[in-house]
Amino acid sequence: MQNTNATSSTVKKKAAITDQQVLIAGGGHVGLSFALLLAHHGIKSTLLEKNSYPTISPQDDRTRSHYLDSRNTALSRRTVQIYQEIGLWDELQSHACRIDAVQISEQGSFGRAQLNKADEQVESFGQVMENAWLGRKLLLAAQQESLISIIDNANVIAVEQQPDGVTLSFSYYGEEEHEQQLQASLLVACDGRDSTVRQLLDIGTTTYDYQQTAIVGVVETDKPHNHVAIERFSPAGPLAVLPLTDPKGDGNEEYQQGYRRSVVWVCANGEEQQYLEDDAHFLATLQQAFGERAGSFIKAGRRGAYPLTRVLANRQVKGRCVIMGNAAHTLHPVAGQGFNLCMRDAHVLAKMLSAQVLRGEDIGSPALLTRYEKARQTDQKRVIRFCDAVVHGFTHSNPAIKLARNVALVAFDKLPNIKPLVANYAMGLKS
Numbered sequence: 001m002q003n004t005n006a007t008s009s010t011v012k013k014k015a016a017i018t019d020q021q022v023l024i025a026g027g028g029h030v031g032l033s034f035a036l037l038l039a040h041h042g043i044k045s046t047l048l049e050k051n052s053y054p055t056i057s058p059q060d061d062r063t064r065s066h067y068l069d070s071r072n073t074a075l076s077r078r079t080v081q082i083y084q085e086i087g088l089w090d091e092l093q094s095h096a097c098r099i100d101a102v103q104i105s106e107q108g109s110f111g112r113a114q115l116n117k118a119d120e121q122v123e124s125f126g127q128v129m130e131n132a133w134l135g136r137k138l139l140l141a142a143q144q145e146s147l148i149s150i151i152d153n154a155n156v157i158a159v160e161q162q163p164d165g166v167t168l169s170f171s172y173y174g175e176e177e178h179e180q181q182l183q184a185s186l187l188v189a190c191d192g193r194d195s196t197v198r199q200l201l202d203i204g205t206t207t208y209d210y211q212q213t214a215i216v217g218v219v220e221t222d223k224p225h226n227h228v229a230i231e232r233f234s235p236a237g238p239l240a241v242l243p244l245t246d247p248k249g250d251g252n253e254e255y256q257q258g259y260r261r262s263v264v265w266v267c268a269n270g271e272e273q274q275y276l277e278d279d280a281h282f283l284a285t286l287q288q289a290f291g292e293r294a295g296s297f298i299k300a301g302r303r304g305a306y307p308l309t310r311v312l313a314n315r316q317v318k319g320r321c322v323i324m325g326n327a328a329h330t331l332h333p334v335a336g337q338g339f340n341l342c343m344r345d346a347h348v349l350a351k352m353l354s355a356q357v358l359r360g361e362d363i364g365s366p367a368l369l370t371r372y373e374k375a376r377q378t379d380q381k382r383v384i385r386f387c388d389a390v391v392h393g394f395t396h397s398n399p400a401i402k403l404a405r406n407v408a409l410v411a412f413d414k415l416p417n418i419k420p421l422v423a424n425y426a427m428g429l430k431s
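Note that the working numbering numbers the sequence shown so that position 307 is 307, with each residue one more than the last.
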């Protein structure tokens, strides 16, 4: 059941700088990225994923097979820099679309603001990429990395900690009697919002149900996006339309106009079916909410519905185990901060582990991991507060509050020195 395509014959072997190893439970985007960050520092890891990975060839056709059927992620400038550090961005960039400007407004109100890359003197505010493409390139890179071992179809069933290491027990799905064990100096759990490892470690969570559902998909408009992201606030919640690349080639090329856009539409729980089943109704609703800012919405792809709940682990370190990714903090998708926050966590931990190795010390040291947890608190708390403030501030129906937030939008747009500060935080450059 273990993936047999982990190493290509053309891949140059890389020597580990330590015999200490890391176990990573959960092989989604965060788990794969963390494994690649460790490998960049010469640290070996074994990654376990509960699902079955597809077989991927480096020669796979890069054109999209599902033009309007995909979920997407907005990568901050800091996340792009992290992928550049490990030499992966050149592979990712062909399906990434720049965000050159961000328009912010509220439906039926006067408040509006805009961020422009020229004013902030940046190359872009970030890049939007299809999740399927990002996942495929991360998996292929991990499969070709000699310092990463991959085991898919693996069901984690027990975690035991010893003074000098941690033991993880797992079975292959459908083969409960076929239990195996792995030992390492450190276990990092990136296994999602309903993390099995977090539960096995008896780490509780603090949850908040927003009573909202996000409808996520891709649409096509008759007006080119021109690399503009639109954030729109409605009584139901925050909405976003983000630019995407064209179906063939690089959407960053000037001659490619780009008519595909990623949509995040937030509605009250129980209202999602009307937006999932009726394309015409969904497009008409988007048109009413966004007006002519994006042109006419003319096509809609398959959409998914995702109930929105904030889930925060009560602690992110226990002994030799670290909780990371959505297992540590699952946030509201407003402003697209969740994945980027996870990437900053992964980057910091990988650097701390590398420094520990160079000192010749234990990479699973509970004292080191506690320092990591404390080091990440400021950034994490700031992002969580920001997301909740936006969600609650822009859905409150009180007329006085509505007036205040629209005045604040106008002030944000006009007053000097505020935009650069907010832009740098949004880009992940000041964390």
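Glycine included, C-beta positions come from ideal geometry on N, C-alpha and C.
None of the values given here were measured: they were computed from a predicted structure.
Gly217 is the residue among Asn131, Gly217, Glu123, Leu341 whose C-alpha sits nearest the C-alpha of Arg303. For the pair Ser45 and Ile150, the Cα-to-Cα distance works out to about 9 Å. The residues Ile323, Ala328, Glu373, in chain order, have a CB closer than 6 Å to that of Gln316 in the same chain once the five nearest residues on each side in sequence are set aside. Distance between Ala154 and Ala118, taken at the CA atoms: about 48 Å. Under a 10 Å Cβ-count criterion, His281 is classified as exposed, with fewer than 16 other Cβ atoms of the shown protein chains found around its own Cβ.
Remark: C-beta atoms of Val219 and Leu187 do not approach each other more closely than 8 Å. Nearest to Glu85 by C-alpha distance, out of Leu140, Ser195, Ala15, Met343, is Met343.
By alpha-carbon distance to Asp152, the top candidate from Leu341, Gln288, Leu32 is Leu32. Note on Arg385: under 16 other CB atoms within 10 angstroms of its CB, so exposed under the neighbour-count rule.
The DSSP-derived three-state label of Lys14 is coil. In the structure shown, the three-state DSSP call for Asn155 is strand. Note on Glu231: 16 or more other CB atoms within 10 angstroms of its CB, so buried under the neighbour-count rule. In its chain, beyond the 5 residues on either side, Asn72, Cys97, Val128, Glu130, Val218, His225, Gly251, Gly258, Arg260, Arg261, Ser262 have a beta carbon closer than 8 Å to the beta carbon of Leu244. Lys299: member of the beta strand (DSSP E) spanning 297-300, first to last residue. One thing to note: Val264 has its Cβ within 8 Å of the Cβ of Ala240. Pro224: not part of any alpha helix (DSSP H); DSSP gives it neither H nor E. The stretch 304-314 and the stretch 360-377 do not touch, with fewer than 3 CB-CB distances between them shorter than 8 Å. Cβ-Cβ separation between Val348 and Arg376: approximately 6 Å, consistent with a contact (criterion under 8 Å).
Ile99 is not a Cβ neighbour of Ala289, given a cutoff of 8 Å. Less than 8 Å divides the Cβ of Phe170 from the Cβ of Gln180. Counting of Cβ neighbours within 10 angstroms places Gly325 among the buried residues, the total reaching 16 or more.
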